[in-house]
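Colleague: Counting with this note's numbering, you get residues 5 to 235 for the letters of the sequence shown.
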Amino acid sequence: MNKKINTGKTWKTTFTVAFILSLSAFALAGCSSGNSSSTAATLPAVTSGTNTKSSTDTDGDGMPDSVEKTYGTNPYTSDSDGDGVNDKQDKEPLKTENLMKETSTAPLEVTVTDAKVEDNATADHLEITMTNNGNTDLNNFDIYYTMTDKVDKTLESYYQVLNGLTLNAGETKTIHFDNKVSEAGHYYMNMNGLYGNSKNGLTFDIQLHAKDFQPMTFQIEKAKGTAEVAD
Ligand SMILES: [Ca+2]
Ligand SMILES: [Ca+2]
Ligand SMILES: [Ca+2]
Ligand SMILES: [Ca+2]
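Written out as structure tokens, the structure is:
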């Protein structure tokens with residue numbers, strides 16, 4: 005398991021830059037009017053580009069989609085990293101402990117036949133194809149993964165219960181992490197963090213678990229310069 009510590013540097017840098025830009029815009033607006041006392045009071049209403057769309061809060065976590073993009077959190081779920089703490093309250097919204105609970109050491113007789121985080125048939129996302137080679141039908145799956153920037157070692161970690169996923173003996177299934185959660189086999193994935201922004205390449209360390217079996221681990225690499233969401 006990857007033990008590297010997340011410095012949170014990229015996220016903080018992004019936020020700091022955005023904050024400084026906001027201050028600059030505020031200062032410029034004040035200077036250009038030549039009437040500082042009345043301008044300050046009316047500034048919020050003057051903010052350009054603000055309309056109903058920019059205040060849309062798709063997941064209802066109190067952070068508009070536009071703000072989630074700035075902060076690097078997922079606008080489609082109120083708890084980006086799956087640790088149970090709402091994005092708005094989470095001091096580390098892109099970092100969680102592994103919340104899997106398992107004492108069994110029985111091997112999970114699942115083969116991952118394909119796992120990718122780029123070059124998908126549709127827009128880039130985490131996609132896992134797996135086959136149950138055992139004699140037991142599997143259910144109650146969950147997943148924990150970290151993604152680590154190959155250059156600055158920034159790390160994000162995510163935990164998710166794979167609701168509704170079953171894998172019967174002999175069965176093969178593909179699951180997608182693309183936020184299309186109304187469809188079976190589709191789960192959340194944060195496109196606003198490292199995945200959508202790092203251009204250095206990423207290493208995914210993944211643990212997949214089904215109840216009563218030992219979690220299995222595997223790794224996927226995302227190549228340098230491929231931070232695009234859609235190819
Ligand atoms: Ca939100
Ligand atoms: Ca959110
Ligand atoms: Ca959280
Ligand atoms: Ca967290």
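Where a beta carbon is used, it is the ideal one built from N, C-alpha and C, also for glycine.
1) Express the C-alpha separation of alanine 127 and proline 79 in angstroms, rounding to a whole number.
2) For the alpha helix (DSSP H) holding aspartate 65, just list the boundary residues, first then last.
3) What whole-angstrom Cβ distance do phenylalanine 208 and valine 121 have, given they're in contact under 8 Å?
4) Taking Cβ positions, are aspartate 141 and methionine 104 nearer each other than 9 Å?
5) For threonine 176, write down the residues that DSSP places opposite it in a beta bridge.
6) By a C-beta neighbour count over all protein chains shown, 10 Å radius and 16 as the cutoff for buried, is lysine 245 buried or exposed?
7) Does the beta-carbon of glycine 38 have 16 or more other beta-carbons within 10 angstroms, so that it is buried, or is it exposed?
8) DSSP three-state call for threonine 81: helix, strand or coil?
9) How many angstroms separate the CA atom of tyrosine 75 from the CA atom of aspartate 91?
10) Report yes if the C-beta of threonine 100 is less than 8 Å from at least one heavy atom of ligand 3; otherwise report no.
11) How about the region 181 to 201 and the region 128 to 136: do they share at least three Cβ pairs that are nearer than 8 Å?
12) Report the CB separation of valine 155 from asparagine 204 in whole angstroms; it is logged as a contact under 8 Å.
13) Buried or exposed: where does lysine 99 fall if 16 or more other Cβ atoms within 10 Å of its Cβ makes it buried?
Modeller: Taking the structure as given:
1) Each residue's Cα considered, the two are about 17 Å apart.
2) Taken as a continuous stretch (DSSP letters only), aspartate 65 belongs to no alpha helix (DSSP H), as it is neither H nor E.
3) Contact annotation, phenylalanine 208 with valine 121: C-beta distance approximately 6 Å; criterion of less than 8 Å satisfied.
4) No; because the gap between Cβ atoms is not below 9 Å, this pair is not in contact.
5) Threonine 176 is bridged to Thr135.
6) One cannot answer for residue 245 here, as it falls past the ends of the chain, which runs 5 to 235.
7) Bear in mind that the predicted position of glycine 38 carries a pLDDT of just 39, short of 50, making it unreliable; the figure below should be weighed with that in mind. Exposed, by the Cβ-count rule.
8) Threonine 81: coil per DSSP, three-state reduction.
9) For tyrosine 75 and aspartate 91, the distance between alpha carbons rounds to 10 Å.
10) Relative to ligand 3, threonine 100 has its C-beta within less than 8 Å of a heavy atom.
11) The region 128 to 136 and the region 181 to 201 touch, with three or more beta-carbon pairs separated by less than 8 Å.
12) Confirmed, Cβ separation roughly 4 Å.
13) Here lysine 99 is buried: its Cβ has 16 or more other Cβ atoms, across all protein chains shown, within 10 Å.
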